[in-house]
Amino acid sequence: MTLKGRRPTWLTFDCYGTLIQWDEGLIAAMDRILGRKGGSIDRQAFIATYDRFEHALEEERPHRTFKAVSAAALQYAMGEFDLAFDPADAEILTSSIGRMPPFPEVVTTLGRFKAAGFKLAIVSNTDDAIIAGNVAQLGGHIDRVITAEQAGAYKPSAQIFLHAWDELDIGMDDLVHICASPHLDLAAARELGFRCVWVDRGTGRKPLPDYQPDGTVPSLDHVPGLFADAGWM
2 MTLKGRRPTW LTFDCYGTLI QWDEGLIAAM DRILGRKGGS IDRQAFIATY
52 DRFEHALEEE RPHRTFKAVS AAALQYAMGE FDLAFDPADA EILTSSIGRM
102 PPFPEVVTTL GRFKAAGFKL AIVSNTDDAI IAGNVAQLGG HIDRVITAEQ
152 AGAYKPSAQI FLHAWDELDI GMDDLVHICA SPHLDLAAAR ELGFRCVWVD
202 RGTGRKPLPD YQPDGTVPSL DHVPGLFADA GWM
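83 is the number that this note's numbering gives to position 82 of the sequence shown; each next residue is one higher, with no gaps.
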């Protein structure tokens, strides 16, 4: 599969699951939280319930910070499992996010993109304060960070992407977006028509049945090969 169109000036990235080890970090955080409650709780079922509430809350208006959304989603999930919610549980979750590390190949690959002359931005469903700890682990390669807090909207809403492009002062043809989330980022790419590379890290998440990304790779360090084939690196 060869990427088409002119060479982008900017590469935009989803953060969690694409650059940062979200699933692994979330499991560790939920283990800490559930371990405080005692008993035997199906962790995967609990995380699926939390995810359901989180995504529903992100679609509600008025916009709420991710810190507020994640706390409410955690409280609702605990209610479904007859667990007592403590605000300290939410603090464990949000404080752990910024400490989640990048995937092993990420920092080196971001450096390759920078050396090739690309500008790099993150577009993420989070708050500025939460993501700061993650960005600090990315080798100083990120030029801009656009968050849901800044845009007042969460992916897959077009609003956050349009806000990002306005902030970066670019058009849709000036970027390639690189992501791991089918139902957030790929859904937005389908709606808006921007070029998108899907990082399929083997989590079981699948592309939307009516959308084909412009490229698919198993990890970020395979993206330079796609760009080389396109004559961009």
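Each residue gets a CB set at the ideal place from its N, CA and C atoms; glycine is no exception.
About 7 Å separates the beta carbon of residue 14 from that of residue 121, a gap short enough to meet the 8 Å contact definition. In this structure residue 102 touches residue 138 by the C-beta definition: roughly 6 Å separates them, less than 8 Å. Inter-residue distance for residue 7 and residue 42 is about 51 Å (C-alpha atoms, whole angstroms). Looking at the DSSP output, residue 147 sits in a beta bridge with 124. Under the DSSP assignment, residue 98 falls outside any beta strand (DSSP E), being part of the alpha helix (DSSP H) whose first and last residues are 88-98. At a Cβ-Cβ threshold of 8 Å, residue 68 and residue 128 count as neighbours.
Counting only the Cα atoms, residue 65 lies some 28 Å from residue 204. Considering only 98, 35, 172, the residue with the shortest C-alpha distance to residue 76 is 35. DSSP assignment within the segment 8-95 yields the following whole alpha helix (DSSP H) runs of 4 residues or more, N-terminal first: 23-36, 44-59, 67-81. Around the CB of residue 173, fewer than 16 other CB atoms lie within 10 Å, so the residue is classed as exposed. CA-to-CA, the gap between residue 82 and residue 10 works out to about 48 Å. In this structure, residue 98 keeps its C-beta atom at 8 Å or more from the C-beta atom of residue 124. When the beta-carbon positions are compared, residue 200 and residue 19 come within less than 8 Å of each other.
With contacts defined as CB atoms closer than 8 Å, residue 84 and residue 38 qualify as a contacting pair.
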